[in-house]
Each structure stands twice: as structure tokens, then as C-alpha cells.
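Colleague:
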Amino acid sequence: MAYVDSRGIELTASTRASVEQYEKALDLLAGYFLDPVATIEAALAQDPDFVSGHCLRVGIGVIAAEASAAPLIQESLREGERLAAKANDRERRHFAAAKAWLDGDFHRAGELYGRIVIDYPRDLLAVLVAHLCDFYVGRSRMLRDRIAHVLPYWGEGVPGYGYVLGMLAFGLEETNLFERALDAAQSALALNRNDPWAVHAGAHVFEMTGRIPEGIEWLTTREADWAPNNAFAYHNYWHLALYHLEAGDVPKALSLFDRNIYPRPSKVALELVDAAALLFRLFLRGVDVGERSTSVADAWSDPVQHGYYTFNDAHAVMALVVDGRLAEAREIVSALERSAAEDGSNPDMIRQVGLPFARSVVDFAEGRHRAVVETLLPLRLVANRFGGSNAQRDLVEQMLIESAVRAGETRLARALLGELRLIRRESPWARPVERRLARHAHG
0 MAYVDSRGIE
10 LTASTRASVE
20 QYEKALDLLA
30 GYFLDPVATI
40 EAALAQDPDF
50 VSGHCLRVGI
60 GVIAAEASAA
70 PLIQESLREG
80 ERLAAKANDR
90 ERRHFAAAKA
100 WLDGDFHRAG
110 ELYGRIVIDY
120 PRDLLAVLVA
130 HLCDFYVGRS
140 RMLRDRIAHV
150 LPYWGEGVPG
160 YGYVLGMLAF
170 GLEETNLFER
180 ALDAAQSALA
190 LNRNDPWAVH
200 AGAHVFEMTG
210 RIPEGIEWLT
220 TREADWAPNN
230 AFAYHNYWHL
240 ALYHLEAGDV
250 PKALSLFDRN
260 IYPRPSKVAL
270 ELVDAAALLF
280 RLFLRGVDVG
290 ERSTSVADAW
300 SDPVQHGYYT
310 FNDAHAVMAL
320 VVDGRLAEAR
330 EIVSALERSA
340 AEDGSNPDMI
350 RQVGLPFARS
360 VVDFAEGRHR
370 AVVETLLPLR
380 LVANRFGGSN
390 AQRDLVEQML
400 IESAVRAGET
410 RLARALLGEL
420 RLIRRESPWA
430 RPVERRLARH
440 AHG
């Protein structure tokens, strides 16, 4: 039977109760609350022919962006084939988009979800998945413009409008429209103060403009809204740790790592990415992280984590390097070299960014700083092509500048710091680098 959700989107389901569970699971997914998979699977257990339930389930698998989610996608795609005669046009297109993702064509998947968004602009599931697909392949402009496609169809009377504004805020921030991004984030939070993605968008604004005290206040005063029972809390705590690291408060950054970012061993890629990224930033600054790196490196050393998404693979290399396991890091680099010869979105991203970046991480650890400079100087201009945010990819510039200093390329290091200051009116991280350069000049 055809039912209509609270946004006017037609869902194929056997009962109204299935639709209610769908709405609940979709809200959990959009807000990163626990646990949308369990919620939609409970609905599917009661209604095996719930077509839109399987659309939501494959969407969750795509958003996960890790190999462990592939069986979930495969299972619901098989159910989609079984139910094809019952499915409507929108639902069939959801399955086609997820199939493209599973086949390794991430860019095509994003475009297919994006076309659903154009034809069904209030399909919140399609908007969410298209937005994350754009993020995973580094389409910064589309993080903004994809939301612009649907914005005229939404308003305060439409459930989920706050989530749409939160996505808009992030897209505006990633295209350097910082004040408009902050306005959108604040508007989103006025509608839904628990939206971690809107909080996250605001955190990015303060990070990328060097407004460290404001960023700390933004996150800490809202912590009770975004942190409890939220799967995205690890990442927002990562941003909080970055602020403290930028401000030179290494003990606070380490405390956040221990209590909030990686409090226990995990196999979740998002959590491992954050843990590796913070540890590597500390490594660049010469900070001894003790045994913290071992648990993270152990998780990344699991082969099931490799070869699915090169942005994750790059963080695996970073974690292993910080833990001193250079032989294992080189093994992942070798695996990336083999994968680069294949076809698909991930091999393309490996060739263009993932492989040269991973090699540079190993080169840095082994003291080949001129090689790092030669690789990363051009790579920084296309680093967006392997996904992530501007704040996450900031590691490219940080490693490049540090290598330039260590290689004696002081003029280049100063030039790169000048680039950094053009957007960030204040960058506490740059100050000790500038002091080192001054010592070089007078040495």
C-alpha cells in the first residue's frame, strides 16, 4: 500500500505503523542518535515488504562509508529486487543509487541520489545521503548547492527543516562563506538544538577562521545538547580537541582524546579517523602520545578496514606511523598501489590523492622531508578529491609546512604560512612555527 510521510513523500508499506517507525529511524539517522538500524530493522521484521524501509537501510549503509556496511547494503538490495514490482519510482531510484555505491562508483551514487533530491526535494533520506556522498568525494560546492536545490520546498512547518539548514550551514562553511554558514547553523539550532551536524558546522567556522576561544565556547556551552547518546559526539569532541591543540593546551587535547574521542577500542571508521587524525597532529608537533596510538593502530591494522575508501586508508597509515609500525604502514601503501590500477571512484581517488599522501606520511616519519615537500606542494591544490572537510584536510598543509621547515625551505614555509593567514585571521598553531623560522633567520 502507499502511505505518505510527514513531508508528503509516498512510501510503500503494509501498515501505518511501518511508516511511523520509518519516521523515527530517519530522525535518528539525521541526528546521529542511537540506533536507526535497530529501529528500521524492527519495522522490517514486522513488515518484510516495507520497500521504503529497505531504502532507509541501504542509505544507512552508504552513509557508513566502510566495508563492514557492505553486507547490509547487499541484503536490502536483494530485497529491493524481490519487491521491485511493488516499489514506486523514487524507491527504485534509491536502490539504483545504493547499487552504484556498492559497485564502487561513489561519484555516480552521489549523482543518482542528487537526481532523486531534484525530483523529490522533501525526501529527507535522499537529501542526507546525497549530502554525505558529496562529502565523501570532496565536492565542496555541491555540499552547498545540493541543499540550494531543495531549500525552496522546505520551511519551518516541514518536519526536518532544521536538519536541512544544518546541512546548508556546512556547505556554506566548506565554500568559505563563513558568516552565512554561522547564521544558518544558528537558525538550524533555533529549530532543533540537538542537531549535531549544525553544531559541527558552526565549529568548522570557528576552526577555519582561527577564532579559537569562540569555538571552545560554541561547543562547551552546547555540550549537553549534542553529546549525550550521540554517535557524532566523538567528532565534535575532536573539534574541541583541535581548538585546545591550536591554543597550545596539549594536556587538554590528550584528556579529550582519552575521555571523549577514543575512550575504548573501536572498529567504527568515523571514530578511528578522528583518533588517528588527532594523534598525527600531535605527532607533527613532536608530542609523545604514549600507548594511545597502539589501540588505534591495532584497529586500523585489520585488513577488513582497507581498500574500501582511501580517506580511511590514509588515516590507517597515519595511525600506524604514529605507533612506529612503519612496516605495516608500507604494506597499506603497497596495497594502495595495487588498488590504484583498478577502475572505480576509490581507485581514482587513490591515484589522485590517497596514494601520494600516504607515501608522504611514511616519508615524513622516515625523515625524507624534501620528498614530502615535492609531493604535497602540488597535492594540496587537489586534496579535496579524496574527501573529507577543509579542517580534516588541513593536515596536508600542516605536514607540508612542517616538512618545509625541517628541510630548510624557510622561504617556502613563510609563503605557506602567508596563505594560511589569508583566510584565518588568527592561527595560534602558526606562531611556534614562525618563531622557529625566526631562529633560522638569525641562526
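0 is the number of the first residue of the sequence shown in numbering that gives the first Met the number 0; add one for each residue after it. Glycine included, every Cβ here is placed at the ideal spot set by N, Cα and C.
When the distance is taken between beta carbons, is Ala183 closer than 7 angstroms to Leu171?
Modeller: Yes, they are a contact pair.
Colleague: Examine the Cβ distances between the stretch 232-243 and the stretch 196-215 and report whether three or more of them are shorter than 8 angstroms.
Modeller: These segments touch.
Colleague: Give, in chain order, every unbroken run of the alpha helix (DSSP H) that is at least 4 residues long and sits entirely within the stretch 332-386.
Modeller: Counting whole runs of 4 or more residues, the stretch 332-386 contains the alpha helix (DSSP H) stretches 344-348, 354-364, 368-378.
Colleague: Residues bridged to Tyr2 by DSSP?
Modeller: Beta-bridge pairing links Tyr2 to Leu10.
Colleague: Leaving out the 5 sequence neighbours to the left and right, which residues in its chain are closer than 7 angstroms to Ala83 when beta-carbon positions are compared?
Modeller: Same-chain partners within the cutoff: Arg91.
Colleague: Quick one: give me the first and last residue of the alpha helix (DSSP H) that Trp153 is part of.
Modeller: Here Trp153 belongs to no alpha helix (DSSP H), and DSSP marks it neither H nor E.
Colleague: Rounded to whole angstroms, what is the Cα-Cα separation between Pro355 and His314?
Modeller: Taking the straight line joining both Cα atoms gives about 13 angstroms.
Colleague: Flag Phe310 as yes when its Cβ comes closer than 6 angstroms to any non-hydrogen atom of the ligand HEM, and as no otherwise.
Modeller: Judged by which ligands are present, the structure shown has none, so any question about the ligand HEM falls away.
Colleague: Going by DSSP, name the residue or residues bridged to Asn228.
Modeller: None, per the DSSP bridge assignment.
Colleague: Could you tell me which residues DSSP pairs with Phe32 in its beta bridges?
Modeller: Its beta-bridge partners are Asn229.
Colleague: Mind pulling the beta strand (DSSP E) runs of 3 or more residues that sit fully within the stretch 164-222?
Modeller: Whole beta strand (DSSP E) segments, 3+ residues: zero.
Colleague: Are the Cβ atoms of Val446 and Val321 separated by less than 7 angstroms?
Modeller: Here the chain comprises residues numbered 0 to 442, so residue 446 is not present and cannot be evaluated.
Colleague: Tell me where the alpha helix (DSSP H) around Pro70 begins and ends.
Modeller: Element bounds for Pro70: 69-81.
Colleague: Residues in its own chain within less than 6 angstroms of His234 by CB, not counting five upstream and five downstream?
Modeller: Result list for His234: Asp273, in chain order.
Colleague: By the three-class DSSP mapping on this structure, what secondary structure does Gly247 have?
Modeller: Of the three classes helix, strand and coil, the one that applies to Gly247 here is coil, per DSSP.
Colleague: For Val395, which residues of its own chain have a beta-carbon under 8 angstroms away from its beta-carbon, when the five flanking residues on both sides are left out?
Modeller: Result list for Val395: Phe356, Leu375, Leu378, Arg379, Ala382, in chain order.
Colleague: Contact check, Val3 vs Glu9 under 8 angstroms by CB: the rounded distance?
Modeller: Contact holds; Cβ gap of about 6 angstroms.
Colleague: For Phe177, which residues of its own chain have a beta-carbon under 6 angstroms away from its beta-carbon, when the five flanking residues on both sides are left out?
Modeller: The answer, listed in chain order, is Val204, Thr208.
Colleague: Determine, using beta carbons only, whether Arg89 and Tyr135 come nearer to each other than 7 angstroms.
Modeller: Not a contact, by the Cβ cut-off of 7 angstroms.
Colleague: Suppose the cutoff is 7 angstroms on Cβ atoms and the five residues either side in sequence are ignored; what does the same chain contact list for His106 look like?
Modeller: Excluding positions up to five away in sequence, the list reads Val136, Ser344.
Colleague: So, helix, strand or coil for Gln104, using DSSP?
Modeller: Here residue 104 turns out to be Asp, not Gln, going by the sequence shown. Of the three classes helix, strand and coil, the one that applies to Asp104 here is coil, per DSSP.
Colleague: Do three or more CB pairs link the stretch 393-413 to the stretch 157-166 at distances below 8 angstroms?
Modeller: No, because fewer than three Cβ pairs between the stretch 393-413 and the stretch 157-166 fall closer than 8 angstroms, the two stretches do not touch.
Colleague: Could you check whether Phe385 and Phe310 sit closer than 7 angstroms to each other, using their CB atoms as the reference points?
Modeller: Against a cut-off of 7 angstroms, the Cβ pair of Phe385 and Phe310 comes out as a contact.
Colleague: Do Ala129 and Gly113 have their beta-carbon atoms positioned less than 7 angstroms apart in this structure?
Modeller: Yes, Cβ-Cβ distance for Gly113 and Ala129 is below 7 angstroms.
Colleague: Is the beta carbon of Val288 less than 7 angstroms from the beta carbon of Leu278?
Modeller: Cβ distance < 7 angstroms, so Val288 and Leu278 count as in contact.
Colleague: If we count Cβ pairs, one from each stretch, closer than 8 angstroms, do we get three or more for the stretch 64-74 versus the stretch 41-49?
Modeller: No, because fewer than three Cβ pairs between the stretch 64-74 and the stretch 41-49 fall closer than 8 angstroms, the two stretches do not touch.
Colleague: In angstroms, rounded to a whole number, what distance separates the CA positions of Val116 and His148?
Modeller: Straight-line Cα distance between these residues: approximately 8 angstroms.
Colleague: Please state if the CB of Gly306 and the CB of Ser338 are separated by a distance shorter than 7 angstroms.
Modeller: A contact, by the Cβ cut-off of 7 angstroms.
Colleague: Could you tell me whether the Cβ atoms of Thr38 and Ala24 are closer together than 7 angstroms?
Modeller: Yes, Cβ-Cβ distance for Thr38 and Ala24 is below 7 angstroms.
Colleague: Determine the direct distance from the alpha carbon of Asp26 to that of Gly285, and round the result to whole angstroms.
Modeller: Going by the C-alpha atoms only, they are around 42 angstroms apart.
Colleague: Just mark Pro250 as buried or exposed, buried being the case when its beta carbon has 16 or more other beta carbons within 10 Å.
Modeller: Answer is exposed; the Cβ neighbour count stays below 16.
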